[in-house]
Structure formats: structure tokens, C-alpha cells
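Adding 317 to a residue's 1-based position in the sequence shown gives its number in my numbering. Backbone N, C-alpha and C define an ideal beta-carbon position, used for all residues, glycine too. What follows is one structure encoded as C-alpha cells, with my remarks underneath.
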Amino acid sequence: MIVAHRQRVVVINGPDRGLECEIESTRLSVGTSSKNDLVLTDKTVSRRHCEISVRNDRYFLHDLESTNGTELNGTPVVEAFLSPGARVRIGDTELLFEPKKKWERISDEKTGHFGAMYGRSQVMSEVFALLGKVARTDLSCILVGETGTGKELAARGIHDNSDRAKGNFIVIDCGAVSKTLIESELFGHEKGAFTGADRQRIGAFEASDGGTIFLDEIGELSIDLQPKLLRALERREVKRLGSVRHLEIDVRVVAATHRDLHEMIKKGEFREDLYYRLAEVVVELPPLRARRDDVGVIAQRIFEEFSTEGGGASSMSVEAVKELEARLWPGNVRELRNVLRRAMAMCVTGTIEVADLNLRGAERMSSRPPPPIAAGAGAAAAPGAPAPDVSDNLPIKEARERWVAPMERAYLERLVRRCQGDLDRAAIEAGIHRKSLERLLRQHGLKASDLK
């Protein structure tokens with residue numbers, strides 16, 4: 318269960334000041350006619366002046382061809398996205414769109430919500446249901462997904478909805494800590510254990526005793542350290558560097574990766590026994606391009622979050638929302654957050670329009686056919702072929718994913734078509750496990766049944 322709230326419209330200026338109306342259905346009409354939900358006495362307001370509609374958990378304002386028009390935060394609009402705190406002027410009346418003060422409990426299933434993750438698509442409903450089941454157990458879990466898909470949010474949600482919620486939630490990014498320090502970060506060290514160890518340090522496992530440790534980018538963990546991690550997990554004890562004493566720990570482990578651990582096992586880069594110790598449950602988080610219906614819902618939540626920081630925008634046009642939904646988002650939710658935060662800060666009209674999103678270099682859904690793949694494994698791209706438009710301001714992992722994603726999608730489409738939808742044959746030709754192929758297809762929103 319989660320806590321959420323409904324929205325209401327309050328008259329803050331005009332003859333009917335103090336009047337309010339809660340939005341209880343999918344539409345709320347405003348005007349002087351007695352048939353409206355919010356009935357006003359202001360003579361400068363039309364009989365059916367405007368309407369607020371609710372679609373996919375988002376609120377939209379519509380002017381109903383009124384005489385004096387409708388303004389949202391000082392900007393004349395015909396149709397626009399509404400966010401909490403928005404001010405609407407109709408005639409001499411000013412309305413405030415805000416959350417209702419009374420809070421009520423509603424289920425995660427109704428809100429398309431797990432922790433700080435949002436989505437209403439079928440695939441995310443299934444993911445949320447699985448994450449909820451995982452949270453109620455003490456099983457180790459691996460979260461698999463591209464950069465920016467919300468793996469840390471999912472891990473935090475598992476912790477917050479578990480019996481360990483009162484304990485610590487400790488995050489270790491195995492790819493961000495140097496190989497010489499990662500053992501100390503995980504298990505701690507005693508004073509004098511190595512050069513520079515001028516004091517005792519408690520490791521992440523000790524710090525998360527009674528709670529949850531999140532091992533992000535577990536695929537980056539050194540092969541030399543993997544046996545020590547496996548031993549800690551199996552024996553439920555750790556030993557600080559420089560110590561002879563073993564300390565018992567009670568920790569729930571959630572790991573995450575964007576890499577194919579099955580392929581790493583085949584190459585000898587990841588221990589198979591460690592994988593199966595961690596992978597009591599595997600949850601795959603789909604990329605944003607595979608759940609297009611969620612983009613608008615997530616955008617609204619991000620918009621509401623950043624609206625408290627101030628800036629030039631307090632609403633977003635319907636066209637801007639549609640433009641967000643039309644993009645591929647190779648950087649996933651993280652990229653969407655960056656775009657909206659920039660747009661809100663730079664917008665000068667009060668309402669974010671398509672131009673404010675600055676998406677000129679971003680690729681649209683099905684905006685162009687996949688690039689041709691040369692015959693033969695490892696064939697080079699054709700001379701003079703255009704390179705993907707990748708910003709050098711991105712971290713290298715995100716830049717690499719943006720570069721590879723179009724080629725990978727095109728390769729998968731041609732591979733599965735050539736194999737007439739036979740995934741066993743396709744996996745053999747690609748030199749990967751069938752499960753790995755199925756995961757790649759899901760990541761790119763592809764179905765074998767459509768590629769026969």
C-alpha cells in the first residue's frame with residue numbers, strides 16, 4: 318500500500334473566492350451553467366468555459382471555445398498539461414489546481430507504482446508485481462537492465478517494502494571503486510592493514526547488517542574478488558582486511574548489472590557459482606523504448622518533482638508531452654529527467670512547448686529504418702556511413718549504449734527473420750544463450766512472432 322492524494326480546483330480570486338471542487342472522475346467542467354461540476358457566478362466566464370480531463374493519471378486543461386479565453390500561468394492556452402500548483406485564469410476568476418489536503422491509501426496496482434518507479438504499461442505492471450513479491454521474501458536478487466532504467470530505484474523499493482526497511486540501505490557501485498579499494502569498501506579494514514590505513518574502517522556489509530546491500534554493476538567486480546564475495550554470502554560472515562576475526566552478518570543482497578552475465582560466465586569473466594548464489598530471483602527492467610505508454614506518466618512525476626525547485630515553467634503543453642512519447646530515449650529515464658529539468662529551467666513562457674525540449678538531435682520512434690548490417694560477422698560499416706549522433710558530454714557507458722543500440726536492434730531483426738522466428742536456431746547462430754537472446758529482444762521491444 319502507498320499513500321497518495323487526489324487533485325482539486327480552488328477559486329482563489331473572483332466573485333466565488335473560496336469555492337472548491339474535487340476531481341473525482343475523468344472530467345471536471347467549469348462555467349456558469351448549472352450543469353457544470355464547478356459552477357461560477359462570474360459574468361465574464363462563459364456558460365461552458367473550460368474543462369479538466371484525466372488521461373492515464375495525467376491532468377489536462379481544455380478551453381471550450383470560451384468568449385474571454387483561458388490562461389494557464391499567464392499564457393493563453395487551448396489545451397495544456399496541468400501540474401500541481403498551476404494557476405488558471407478565466408474571465409475575472411483565478412483558479413488554483415492543487416492536491417487535496419485529505420490523504421487516502423490506495424494500492425500500488427492502481428497507481429502503477431513501486432517505490433519511486435512509475436508506469437502503467439502491461440510490462441511494468443508485471444515487473445512491479447514481481448518486485449513486490451521479491452520484497453516480501455529474503456531472497457537474493459539480480460536486477461538486469463540498461464543504464465538509466467531505474468535499477469537502484471527498484472533495489473530501494475525492495476528494501477523499503479521488506480521486513481528490513483528499518484535497517485540501512487547501503488549502495489556500492491562495483492564499477493566506480495578502484496580494484497585496490499573495493500575489498501576494503503565491501504569488508505572493511507583494520508588500522509595499519511595497508512599503506513594509508515590510518516584508522517579502522519567498517520565495510521559495507523557490516524554497515525548494512527540487518528538491512529540491505531545493493532551491489533550495483535556487479536559485472537564489473539574483479540574475478541579475483543568474486544570468491545571472497547561468494548564466501549561472505551554463503552557463510553554470512555565477513556573478515557576485515559588485517560583482521561583474524563570473522564564477524565557474523567545478517568544482510569539481504571540485491572545486485573544489478575547492464576551486462577550479460579551468462580556471456581561473462583562463458584568467457585571466464587564471472588563465476589557461475591556466484592551468479593547462482595546472487596540470482597535466486599532475476600528481474601529484468603525494460604528500457605523506456607519498450608514501454609512507450611509509460612513516458613507521459615513518468616514525465617508528469619518528474620515534472621511535479623522539479624516544480625518545487627522553481628524555474629521558468631509550471632505547466633507543459635499536450636504537444637510537448639506527445640513529443641516526449643515519440644522519442645526513443647536511449648538513455649532511458651535518466652535522459653528523460655535531464656531533458657525535463659533543462660526545459661523547466663530554461664522555459665520563459667511558463668508552459669513548456671516542443672521547442673523548449675531541445676530534442677532536435679534525439680531519435681524518434683521508427684523515425685528511420687535500421688542501418689544496414691554488412692554480411693559476415695564483424696564486418697565493418699560502409700565507408701562514409703553516418704555515425705550515430707552521440708554527445709561527447711555523456712559518460713562513456715551511456716555514449717557506448719547510444720552508439721550500439723541501433724546496430725544491435727537491426728542485427729536482431731535480421732537474425733530472427735532469417736531464422737523465421739526460431740529462437741533456438743537464432744541463439745546458436747548468434748553464439749549466445751536463448752535466454753540472453755530473449756532478453757535482448759525484450760530490451761528492444763521486439764517480438765519473435767512479428768519477425769517470422
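Out of the options, state which residue places its alpha-carbon closest to the alpha-carbon of residue i.
i: I619; options: R651, E746, K752 and R588; result: R651
i: C294; options: P393, G667 and L546; result: The structure shown does not extend to residue 294, since the chain spans only 318 to 769, so no value can be given for it.
i: V394; options: M663, C367, G462 and R562; result: C367
i: V614; options: K360, Q439, S539 and Y435; result: Y435
i: E586; options: C338, L550, G536 and D611; result: G536
i: F398; options: S631, L732 and K584; result: S631
i: L591; options: S457, A662, A744 and S346; result: S457
i: K468; options: L602, V405 and E337; result: L602
i: S442; options: F623, G429 and R735; result: G429
i: T464; options: L378, S766, T574 and R372; result: T574
i: R364; options: L389, V570 and E382; result: E382
How many Å lie between residue i and residue j at the Cα?
i: G648; j: N675; result: 15 Å
i: P700; j: M724; result: Reliability fails at P700, whose pLDDT of 40 lies under 50, so the model's placement of it is uncertain and the value that follows must be treated cautiously. If you take the alpha carbons of P700 and M724, they lie about 16 Å apart.
i: G402; j: R325; result: 10 Å
i: R644; j: P604; result: 12 Å
i: R548; j: E523; result: 15 Å
i: R576; j: S501; result: 24 Å
i: F431; j: Y376; result: 21 Å
i: V568; j: Y728; result: 41 Å
i: I582; j: Q543; result: 12 Å
i: S753; j: K450; result: 24 Å
i: L532; j: A521; result: 10 Å
i: A722; j: L758; result: 12 Å
i: K769; j: A471; result: 34 Å
i: L447; j: V600; result: 8 Å
i: L773; j: K483; result: Since the first and last residues shown for the chain are 318 and 769, residue 773 lies out of range.
i: E421; j: R518; result: Only weak support exists for where E421 lies, its pLDDT of 35 falling under 50; the coordinates are left without a value.
i: D741; j: R553; result: 39 Å
i: R658; j: V638; result: 14 Å
i: I340; j: F623; result: 23 Å
i: C736; j: G762; result: 18 Å
i: C338; j: N385; result: 22 Å
For residue i, which residues from the same chain have a beta carbon less than 8 Å from its beta carbon, with the 5 sequence-adjacent residues on both sides left out?
i: V356; result: G348, T349 and S350
i: V494; result: E502
i: L653; result: L605, V612, I615, A616, I619, L641 and W646
If we call anything under 9 Å between Cβ atoms a contact, is residue i one with residue j?
i: I459; j: E580; result: no
i: S400; j: M633; result: yes
i: T392; j: G667; result: yes
i: G331; j: D380; result: no
i: T387; j: I475; result: no
i: D333; j: D354; result: no
i: V671; j: E621; result: no
i: L564; j: F511; result: no
i: I407; j: T361; result: yes
i: R756; j: V461; result: yes
i: F486; j: V555; result: no
i: V635; j: E415; result: no
Using a Cβ-Cβ cutoff of less than 7 Å, which residues in the same chain neighbour residue i once the five nearest sequence positions on both sides are dropped?
i: D477; result: G432
i: S438; result: R608, D610 and D611
i: G527; result: R481, G484 and D567
For residue i, which residues in the same chain have their Cβ closer than 6 Å to its Cβ, ignoring the five residues on either side in sequence?
i: S539; result: K496
i: A572; result: I459, L532, I535 and L595
i: Q760; result: P604
i: P689; result: Low confidence applies to P689: its pLDDT is 44, below 50, so where it sits in the model is not reliable, and the reading given next is rough at best. Excluding sequence neighbours, P689 sits near nothing in its chain.
Within 8 Å: the Cβ of residue i and any heavy atom of the ligand GDP?
i: N353; result: Ligands in the displayed structure: none, and consequently the ligand GDP is not present.
Start-end ranges of the beta strand (DSSP E) lying completely within the region 414-486, minimum 3 residues: 421-423 and 458-461
Whole beta strand (DSSP E) elements within the region 333-384, 3-residue minimum: 337-339, 344-348, 367-372 and 375-380
Sequence ranges, beta strand (DSSP E) only - wholly within the region 543-616, length at least 3: 569-574 and 598-601
Minimum length 3: unbroken beta strand (DSSP E) runs contained in the region 486-513: 486-490
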